[in-house]
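Colleague: To start, I am sharing the structure in question, which I have written as structure tokens.
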Amino acid sequence: MLGFARSIPAFLDPNLKPEELRHGVSFASAASGYDDLTVNFTKALSFDKQLEYLRHYKNQLREVAGFEEEEKIVRNAIFVVSAGTNDFIQNYFMQPQRSKQYTVPAYVDYLISQATRHIKIALM
Numbered sequence: 604m605l606g607f608a609r610s611i612p613a614f615l616d617p618n619l620k621p622e623e624l625r626h627g628v629s630f631a632s633a634a635s636g637y638d639d640l641t642v643n644f645t646k647a648l649s650f651d652k653q654l655e656y657l658r659h660y661k662n663q664l665r666e667v668a669g670f671e672e673e674e675k676i677v678r679n680a681i682f683v684v685s686a687g688t689n690d691f692i693q694n695y696f697m698q699p700q701r702s703k704q705y706t707v708p709a710y711v712d713y714l715i716s717q718a719t720r721h722i723k724i725a726l727m
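Right, dumping it as structure tokens:
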């Protein structure tokens, strides 16, 4: 299995052990999206909140592994983001606010701008 665990533990798991931080964690929140309005309907963690947890993770990893090792682990990490579907399903098509505000192509552009903003924040 390429040295990977069967599943990646959730960062918010109260049973997460400090040594597990070296192998990665998940910040995923089902039904989240790029649009902050989406989480108002789904009660998921916002993308900004997930990025905040990434910063906390990096700080905790640095405490466990040291600065150089933390930098190496994060630099070589695989980041997977799967978002946007709920922005349409739970937000654009089921709630009136965004569909009145944007056409579908304009909403796609808005989501791309939000994704870009989130990525820039993550790289800081």
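The opening residue of the sequence shown carries number 604 in this note's numbering; numbering runs sequentially from there. Built from N, CA and C at the ideal position, the CB exists for glycine as well.
Determine the burial state of ALA686: buried for a count of at least 16 other Cβ atoms within 10 Å of its Cβ, exposed for fewer.
Modeller: Position 83 of the sequence shown, counting from 1, holds the residue named residue 686. With 16 or more other Cβ atoms within 10 Å, it is buried.
Colleague: CA-CA distance, GLU625 and ILE681?
Modeller: As a working mapping, residue 625 is identified with position 22 in the sequence shown. As a working mapping, residue 681 is identified with position 78 in the sequence shown. Sequence inspection shows Arg at residue 625; the Glu mentioned does not correspond to that position. About 13 Å.
Colleague: Taking the alpha helix (DSSP H) that ARG678 belongs to, which residues open and close that run?
Modeller: Locating residue 678 in the sequence shown gives position 75, counting from the first residue. ARG678 -> alpha helix (DSSP H) spans 670-678.
Colleague: Could you name the residues of the same chain whose beta carbon sits closer than 7 Å to that of GLU673, not counting the 5 residues immediately before and after it, in chain order?
Modeller: For the purposes of this step, residue 673 is taken as residue 70 along the sequence shown, with counting starting at 1. Counting only Cβ-Cβ distances below 7 Å, and skipping sequence neighbours, we find LYS661, LEU664 and ARG665.
Colleague: Output needed for GLU623: all residues of its chain with C-beta closer than 7 Å, excluding positions within five of it in sequence on either side, in chain order.
Modeller: Residue mapping note: residue 623 aligns to position 20 of the sequence shown, counting from 1. Contacts found: PRO612.
Colleague: Could you give the distance in angstroms between the alpha-carbon of PRO621 and the alpha-carbon of ALA668?
Modeller: In the sequence shown, counting from the first residue as 1, residue 621 sits at position 18. In the sequence shown, counting from the first residue as 1, residue 668 sits at position 65. Answer to the nearest angstrom: the Cα atoms are 10 Å apart.
Colleague: Between the Cα of ASN643 and the Cα atoms of GLU671, ARG678, ASN618 and GLN693, which residue gives the shortest distance?
Modeller: Counted from its first residue, the sequence shown places residue 643 at position 40. Closest by alpha carbon: GLN693.
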